[in-house]
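Enquirer: Everything in the sequence shown is counted per the numbering used here, starting at 1 for the first residue and increasing by one.
The beta-carbon is built from N, C-alpha and C at its ideal position, and this holds for glycine as well.
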Amino acid sequence: MRLAISLLLLMLIGLFVNCGKKSSHSSKKAGLTKDGKILITIWQTYNDEEVAFFDQLIAEYERENVHIKIKHQRIPFWGSEPKILTALATRTTPDIARLDVSFVAKLGLRNALIDLGPLGMNEIAADYLPAALGSCKIKKSWFAIPEQVNGLCLFYDKDQFIKAGLNPENPPLTWEEFIEYGKKLTAPDRSHWGFGMRNSLWWSFPFFYTFGAEFLSDPTPDGHRICLLDQPEAIQAFQFKYDLYHKYKIEGGAWRSGGIRDDTGFPNVYAMVFSGPWAVRSYREQKINFGICKIPAGPAGSSTTVGGQNMVIFRTCQHPQETFDLLRWLTSVEIQARWCNELGQIPVNYKAYPLIDKEKNPEISIFMEQMKTAIPRPQILNYDHIENLFLREMEAALTGSKSVEQAMQDACRRANEEYLNEE
1 MRLAISLLLL
11 MLIGLFVNCG
21 KKSSHSSKKA
31 GLTKDGKILI
41 TIWQTYNDEE
51 VAFFDQLIAE
61 YERENVHIKI
71 KHQRIPFWGS
81 EPKILTALAT
91 RTTPDIARLD
101 VSFVAKLGLR
111 NALIDLGPLG
121 MNEIAADYLP
131 AALGSCKIKK
141 SWFAIPEQVN
151 GLCLFYDKDQ
161 FIKAGLNPEN
171 PPLTWEEFIE
181 YGKKLTAPDR
191 SHWGFGMRNS
201 LWWSFPFFYT
211 FGAEFLSDPT
221 PDGHRICLLD
231 QPEAIQAFQF
241 KYDLYHKYKI
251 EGGAWRSGGI
261 RDDTGFPNVY
271 AMVFSGPWAV
281 RSYREQKINF
291 GICKIPAGPA
301 GSSTTVGGQN
311 MVIFRTCQHP
321 QETFDLLRWL
331 TSVEIQARWC
341 NELGQIPVNY
351 KAYPLIDKEK
361 NPEISIFMEQ
371 MKTAIPRPQI
381 LNYDHIENLF
391 LREMEAALTG
401 SKSVEQAMQD
411 ACRRANEEYL
421 NEE
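1) Tell me which residues share the same chain as P277 and place their Cβ nearer than 8 Å to its Cβ, disregarding the 5 neighbours each side in the sequence.
2) Which residues in the same chain as L32 place their Cβ atom closer than 7 Å to its Cβ, once the five residues preceding and following it in sequence are excluded?
3) Output the residue ranges of the beta strand (DSSP E) runs that lie fully inside the region 156-244 and measure 3 residues or longer, sorted by chain position.
4) Quick check: the region 201-212 against the region 289-309, are at least 3 beta-carbon pairs closer than 8 Å?
5) Give me the residue from I145, K163, A271 with the minimum Cα distance to G196.
6) Within the same chain, show all residues whose beta-carbon is closer than 8 Å to that of Y383, passing over the 5 residues directly before and after it, in chain order.
7) For the candidate residues P299, Y245, A59, whose alpha-carbon lies nearest to that of K71?
8) Short of 7 Å in beta carbon distance, which residues of its chain neighbour S27, apart from the five on each side in sequence? Order them along the chain.
9) Does the beta carbon of E62 sit closer than 9 Å to a beta carbon anywhere in chain B?
10) Within the region 254-303, note down every full beta strand (DSSP E) run reaching 3 residues or more, in order along the chain.
11) Would you list the residues sitting across from D35 in a DSSP beta bridge?
12) Would you kindly check if the distance between the Cβ of E147 and the Cβ of T264 is under 9 Å?
13) CB L420 to CB C227, shorter than 9 Å?
14) My understanding is that F314 touches P94, with C-beta atoms under 8 Å, so please give their C-beta distance in whole angstroms.
15) Nearest to G258 by CA position, among R198, E81, P221, is which residue?
16) In three-state terms, what does DSSP make of D127?
17) With a 10 Å radius around its C-beta and 16 neighbouring C-beta atoms as the bar for buried, classify A465 as buried or exposed.
18) Measuring straight from C-alpha to C-alpha, what distance separates A125 and A374?
19) Classify T92 as buried or exposed, calling it buried when 16 or more other Cβ atoms lie within 10 Å of its own Cβ.
20) Consult DSSP for T316 and reduce its assignment to one of helix, strand or coil.
21) Output the distance between the C-alpha atoms of M371 and E176, rounded to the nearest integer angstrom.
22) Are G400 and D100 touching if we call contact CB-CB under 9 Å?
23) With a CB to CB cut of under 8 Å and the five nearest residues on each side skipped, what residues in its chain are close to A397?
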């Protein structure tokens with residue numbers, strides 16, 4: 001099924017590329033309203049709260065730029081990829097789309113997006129958080145501008161800490177401390193566990209990175225990479241994750257099929273979990289007495305994975321400079337500060353950091369600090385396939401079907417043979 005979807009993706013984008021030239025000369029009035037204003041169309045995946053604030057910003061931008069008219073449409077996040085692929089095939093793409101960071105490479109490498117560098121991205125790139133920029137540049141082209149960035153930190157239940165005799169204001173700083181805390185937080189009858197974890201590659205990156213492992217090699221002159229998660233640092237990292245369940249017995253099997261998920265089991269089942277900024281509001285509303293700290297440090301220090309959303313401009317856009325100017329404004333220092341203070345998010349514009357109201361959003365300061373050592377995923381075409389491949393192999397190790405070393409070696413070998421050689 002995955003292979004079929006990949007082939008469909010290539011066919012659809014190939015059709016778009018072949019027909020793109022014809023569509024770009026369709027009409028002199030393309031991209032204009034009836035009264036002659038420049039029309040910019042956007043597909044976005046915001047939630048209700050974000051849409052309400054986005055509407056305010058759009059109205060403000062139109063007042064300041066009377067020659068611009070902006071129309072935006074909300075599309076489902078989980079259905080955005082097939083919708084965009086269909087639009088590519090039918091040449092009905094908007095000017096701008098809000099994409100998950102992993103989707104940018106698929107479009108950029110297939111010539112579906114405009115290079116933002118000549119439009120101004122080259123001049124302003126240094127203003128953005130390096131962790132957020134990692135998903136925007138492919139080879140030498142800026143195919144996206146960061147719009148939202150997130151990553152994982154350690155959430156913990158302060159009430160459980162107190163019951164276990166732990167200071168809730170002193171969370172674990174290292175993996176050694178994490179094990180000791182986990183033992184104290186795990187009930188003797190196993191009704192409550194110190195930790196609940198997921199098993200996907202993205203959720204495992206904090207383990208790999210804190211042990212100094214690298215995901216992929218640097219590209220060769222012809223652009224090829226190899227997977228490096230079979231190296232000693234990576235095997236040591238996943239062995240540590242394995243041991244949390246099997247050796248130290250502080251992880252409650254949240255990763256298992258049919259197990260209690262980490263997000264639903266926190267804090268009643270699991271005292272500590274990984275999560276991101278998206279969880280803060282929900283835990284507040286549930287009146288959970290939670291704390292947040294950086295990922296415990298390993299031999300290579302504290303680090304985390306990077307996720308988020310980017311904005312892209314499609315090649316069918318009739319007014320690329322005006323469209324990019326809008327994106328530059330939306331991610332400017334002032335607008336980023338307002339957006340993040342209102343919605344409790346991490347700024348993608350590094351210069352907005354001093355303007356964040358840490359009293360209103362105290363948790364965000366922890367994420368902002370963690371993002372300084374976050375490592376973005378390399379932009380590769382087949383990341384989702386590699387993610388699923390590692391999920392199966394790592395589960396085989398956790399269930400005892402394979403050794404940790406064998407699972408990591410098999411996953412890397414298959415990633416190199418089946419997916420990375422297509423890059």
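Expert: Looking at the atomic coordinates:
1) N150, G344, Q345, I346, E363, I364, F367
2) I38, L39
3) 193-196
4) yes
5) A271
6) S102, A105, R377
7) A59
8) For S27, the pLDDT reaches just 38, beneath the cut-off of 50, and the residue's location in the model is therefore unreliable, leaving the point undetermined.
9) The structure shown contains no chain B, having only a single protein chain.
10) 270-275, 290-293
11) Beta-bridge pairing links D35 to no other residue.
12) no
13) yes
14) 7 Å
15) R198
16) helix
17) Nothing about residue 465 can be read from this structure; the chain reaches only from 1 to 423.
18) 18 Å
19) exposed
20) coil
21) 22 Å
22) no
23) F238, Y242, S403, V404, Q406, A407, M408
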